[in-house]
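Counting the sequence shown from 1 gives a position; the numbering used here is that position plus 87.
C-beta: ideal position from N, C-alpha, C; glycine also.
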Amino acid sequence: MADKKFDKLLAEAQAAYNRKDKRKGDKLVGEILNADFNHLGAWQLLQRVYGGGRPLSEFQRFFTLQYYPDKLYLINKPAQTAERAADAVPPKKASFWRRLFGGRRETPAAKAPDGAPKPTGAPSIEQSPSQFLFSAPPKPRQTGTETAPPNLAPSDLAPSKPDASYPFLPTTSPYSTSGGRIDMPIPGIANGSTKSGKKIHCVVVDDISQTRETVIRTLRFQENIEVDGTAANGVQAVQLVRELKPEVVIMDVNMPDMDGITATSLIKREVPYTQVIILTVQDDVDYIRRAMNAGARDFLAKPPVIEELVAAVERAAEIARREKEKMPVPIDLLSVGTASGKSKGKILTIYSPRGGTGCTTLTCNLAATLRNDDTKVVIVDGNLQYGDVAVFFNVMNKTSILDLAPRVDELDIELVDEVLVTHTSGIRILSPSRPERSELVTGPQFSQILTFLSEHYDYVIVDTAHRLNDVTLAALDKSDMIVLLTSQDIPSIARVRKFLDLVPGLKLDTRRLLVIMNQFDQRIMVDPEKVGHTFNQKIAAVLPLDNAVVINAINRGAPFMLQKDITSRPLGRAFNLASEVVRQRLMELAQAAVQ
Numbered sequence: 088m089a090d091k092k093f094d095k096l097l098a099e100a101q102a103a104y105n106r107k108d109k110r111k112g113d114k115l116v117g118e119i120l121n122a123d124f125n126h127l128g129a130w131q132l133l134q135r136v137y138g139g140g141r142p143l144s145e146f147q148r149f150f151t152l153q154y155y156p157d158k159l160y161l162i163n164k165p166a167q168t169a170e171r172a173a174d175a176v177p178p179k180k181a182s183f184w185r186r187l188f189g190g191r192r193e194t195p196a197a198k199a200p201d202g203a204p205k206p207t208g209a210p211s212i213e214q215s216p217s218q219f220l221f222s223a224p225p226k227p228r229q230t231g232t233e234t235a236p237p238n239l240a241p242s243d244l245a246p247s248k249p250d251a252s253y254p255f256l257p258t259t260s261p262y263s264t265s266g267g268r269i270d271m272p273i274p275g276i277a278n279g280s281t282k283s284g285k286k287i288h289c290v291v292v293d294d295i296s297q298t299r300e301t302v303i304r305t306l307r308f309q310e311n312i313e314v315d316g317t318a319a320n321g322v323q324a325v326q327l328v329r330e331l332k333p334e335v336v337i338m339d340v341n342m343p344d345m346d347g348i349t350a351t352s353l354i355k356r357e358v359p360y361t362q363v364i365i366l367t368v369q370d371d372v373d374y375i376r377r378a379m380n381a382g383a384r385d386f387l388a389k390p391p392v393i394e395e396l397v398a399a400v401e402r403a404a405e406i407a408r409r410e411k412e413k414m415p416v417p418i419d420l421l422s423v424g425t426a427s428g429k430s431k432g433k434i435l436t437i438y439s440p441r442g443g444t445g446c447t448t449l450t451c452n453l454a455a456t457l458r459n460d461d462t463k464v465v466i467v468d469g470n471l472q473y474g475d476v477a478v479f480f481n482v483m484n485k486t487s488i489l490d491l492a493p494r495v496d497e498l499d500i501e502l503v504d505e506v507l508v509t510h511t512s513g514i515r516i517l518s519p520s521r522p523e524r525s526e527l528v529t530g531p532q533f534s535q536i537l538t539f540l541s542e543h544y545d546y547v548i549v550d551t552a553h554r555l556n557d558v559t560l561a562a563l564d565k566s567d568m569i570v571l572l573t574s575q576d577i578p579s580i581a582r583v584r585k586f587l588d589l590v591p592g593l594k595l596d597t598r599r600l601l602v603i604m605n606q607f608d609q610r611i612m613v614d615p616e617k618v619g620h621t622f623n624q625k626i627a628a629v630l631p632l633d634n635a636v637v638i639n640a641i642n643r644g645a646p647f648m649l650q651k652d653i654t655s656r657p658l659g660r661a662f663n664l665a666s667e668v669v670r671q672r673l674m675e676l677a678q679a680a681v682q
């Protein structure tokens with residue numbers, strides 16, 4: 088709950104600073120630092136506002152935090168000048184002071200005797216912020232070889248024993264005293280590289296090519312930062328992060344197909360340690376809060392200041408590496424598979440108890456969406472009588488699954504490659520034989536074929552018949568995920584409900600079920616959310632009705648998701664989101680299996 092409260096305060100502070108309301112922003116940041124002095128996000132925000140364009144390392148070197156009875160201050164050590172940093176809320180418990188300062192300070196209730204001079208370096212409560220910010224503090228007096236703060240005796244310079252429970256030790260600055268002020272280093276990262284000394288790997292995402300090039304040119308001069316790739320929208324960004332697994336993503340917000348907030352959420356689910364820096368011109372509190380809830384690490388105004396951008400990347404990279412080290416399982420072991428066959432691929436079965444809902448359309452286009460140069464996909468047409476997958480891809484098959492079924496105990500990759508048909512997109516297809524020979528393939532044979540294919544392909548996608556025969560049941564039982572397809576018509580909803588009633592008897596894990604509504608028409612008064620309540624299963628994705636695109640693609644023999652401009656249509660964007668939902672559910676299932 089505390090983290091959510093801090094996120095809300097930080098978002099409100101960011102919005103206040105964007106509105107040039109520094110007093111409001113300072114107060115909110117002060118509340119965070121009073122509760123959690125080591126809150127990195129609060130320090131980053133202070134550095135951006137009061138750092139004067141300095142990178143965080145320089146900000147750390149020349150500025151330190153000092154606490155007066157009722158305010159926080161940033162102290163510029165070389166000039167001995169003070170900047171107001173926050174109107175802090177004074178803590179009520181003395182244990183706070185003991186924890187924070189190791190007993191070197193009395194509780195706020197302990198006041199100086201009447202008539203005792205106030206520390207000259209600290210403004211009075213009555214002094215206005217403008218008077219404080221623009222009035223020069225008195226010069227410190229010299230005592231021997233050290234410089235003492237105003238109104239402090241030389242004996243006050245005696246070092247205090249640091250509190251072992253506090254993560255940051257006091258610096259050797261003469262401002263570290265047992266009197267009224269405490270000097271603490273600002274949490275930060277050394278200039279030039281992360282603590283690990285390794286290259287920082289980044290991905291830049293923006294739909295405007297000029298902005299991408301500007302960011303790349305900015306980072307190119309940093310020896311410790313390397314831009315591994317760029318993307319023009321959120322969909323490309325998620326795919327690129329999945330392949331490259333960078334430490335940092337620099338993300339625009341307003342993009343076509345998929346915005347930066349949605350992409351950030353998907354990236355954080357798929358590669359949890361990757362840190363996202365948002366580039367935005369937005370200053371709305373709710374907007375910033377949404378981005379933070381999605382997992383964004385930092386915010387920079389467009390166009391970003393060079394020093395701020397570099398510092399933000401270095402901070403994010405260090406956090407990414409720390410989070411990666413904390414992961415109980417390497418991220419590579421949670422991936423859906425490898426093209427090299429070193430880990431088992433995932434078997435997806437597309438099923439609907441009612442015909443005409445679009446199972447084959449979903450199978451072919453989902454394969455087109457999931458497949459790339461590093462991800463091998465094979466489609467198995469499990470409708471052994473009247474399967475149409477080959478027709479949807481406009482390929483002819485001289486071989487079929489019947490060439491493999493009698494030899495399931497001696498399968499090898501050379502034999503399987505000879506039987507599979509290859510589409511120009513790189514998708515492989517295992518087709519059925521003639522309808523009258525469909526009964527020659529048994530459920531156990533079909534299951535063994537799927538197992539073998541999963542050892543050599545990242546995704547094995549099975550298109551099934553609507554009847555629950557031995558082959559369909561074998562596919563459902565062998566699947567890592569079952570995509571259950573429904574439409575808005577009442578017979579389809581009723582049949583899916585009946586199938587869900589059978590699931591316990593079939594001993595299928597309901598966590599492996601993913602319900603998708605296809606052919607959604609807004610003119611029909613059937614709400615997907617209410618249908619989900621009927622199923623007791625959330626509708627994970629909704630694919631809109633677009634007969635013009637679908638029928639044209641079928642007649643041409645080319646899945647519509649292979650078209651370059653398909654994301655300009657709602658159906659294309661919905662399919663991209665559906666494929667990401669599939670990937671995310673597979674990742675969650677893999678993590679749950681490991682744990």
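Separation of residue j from residue i, as counted between CA atoms
| i | j | result |
| --- | --- | --- |
| residue 401 | residue 287 | 8 Å |
| residue 355 | residue 573 | 29 Å |
| residue 592 | residue 601 | 18 Å |
| residue 128 | residue 385 | 8 Å |
| residue 379 | residue 365 | 10 Å |
| residue 435 | residue 406 | 35 Å |
| residue 332 | residue 290 | 9 Å |
| residue 399 | residue 388 | 12 Å |
| residue 501 | residue 646 | 28 Å |
| residue 543 | residue 92 | 47 Å |
| residue 517 | residue 565 | 17 Å |
| residue 541 | residue 623 | 31 Å |
| residue 568 | residue 558 | 16 Å |
| residue 618 | residue 589 | 18 Å |
| residue 667 | residue 352 | 11 Å |
| residue 130 | residue 113 | 11 Å |
| residue 367 | residue 121 | 29 Å |
| residue 115 | residue 596 | 47 Å |
| residue 609 | residue 505 | 46 Å |
| residue 312 | residue 403 | 12 Å |
| residue 104 | residue 381 | 21 Å |
| residue 326 | residue 310 | 26 Å |
| residue 649 | residue 660 | 13 Å |
| residue 671 | residue 484 | 33 Å |
| residue 611 | residue 575 | 8 Å |
8 Å contact criterion, which residue i and residue j should meet: CB distance rounded
| i | j | result |
| --- | --- | --- |
| residue 358 | residue 329 | 7 Å |
| residue 456 | residue 662 | 6 Å |
| residue 510 | residue 482 | 6 Å |
| residue 441 | residue 615 | In fact, because the Cβ distance is near 17 Å, the residues do not count as touching under 8 Å. |
| residue 546 | residue 432 | 6 Å |
| residue 489 | residue 512 | Wrong, their Cβ atoms sit about 25 Å apart, outside the cutoff. |
| residue 86 | residue 628 | Look at the range of the chain in this structure, 88 to 682, and you will see that residue 86 is not part of it. |
| residue 375 | residue 550 | Not a contact, Cβ separation roughly 44 Å. |
| residue 562 | residue 537 | 7 Å |
Opposing strand residues paired with residue i [DSSP bridges]
| i | result |
| --- | --- |
| residue 386 | 365 |
| residue 433 | 546 |
| residue 687 | This structure leaves residue 687 out entirely; the chain is present only between 88 and 682. |
| residue 343 | BP columns for residue 343 are empty, so no partner. |
| residue 400 | Beta-bridge pairing links residue 400 to no other residue. |
| residue 391 | DSSP, once it has assigned bridges, lists no residue as partnering residue 391. |
| residue 631 | 607 |
| residue 438 | 571 |
Proximity below 9 Å, CB of residue i to CB of residue j
| i | j | result |
| --- | --- | --- |
| residue 445 | residue 637 | yes |
| residue 285 | residue 360 | no |
| residue 341 | residue 654 | no |
| residue 383 | residue 348 | yes |
| residue 100 | residue 111 | yes |
| residue 491 | residue 503 | yes |
| residue 439 | residue 554 | no |
| residue 467 | residue 570 | no |
| residue 470 | residue 552 | yes |
* Can you list the alpha helix (DSSP H) stretches of 4 or more residues lying completely in the region 543-627, in chain order? -> 557-565, 577-593, 615-622
* In the region 441-527, which residue ranges form an unbroken beta strand (DSSP E) of at least 3 residues, counting only runs that do not cross its ends? -> 464-469, 515-517
* Length at least 3, wholly inside the region 286-330: the beta strand (DSSP E) runs in chain order -> 287-292, 312-318
* Can you check the region 634-663 for any alpha helix (DSSP H) of at least 4 residues that lies completely inside it and give the ranges in chain order? => 634-643
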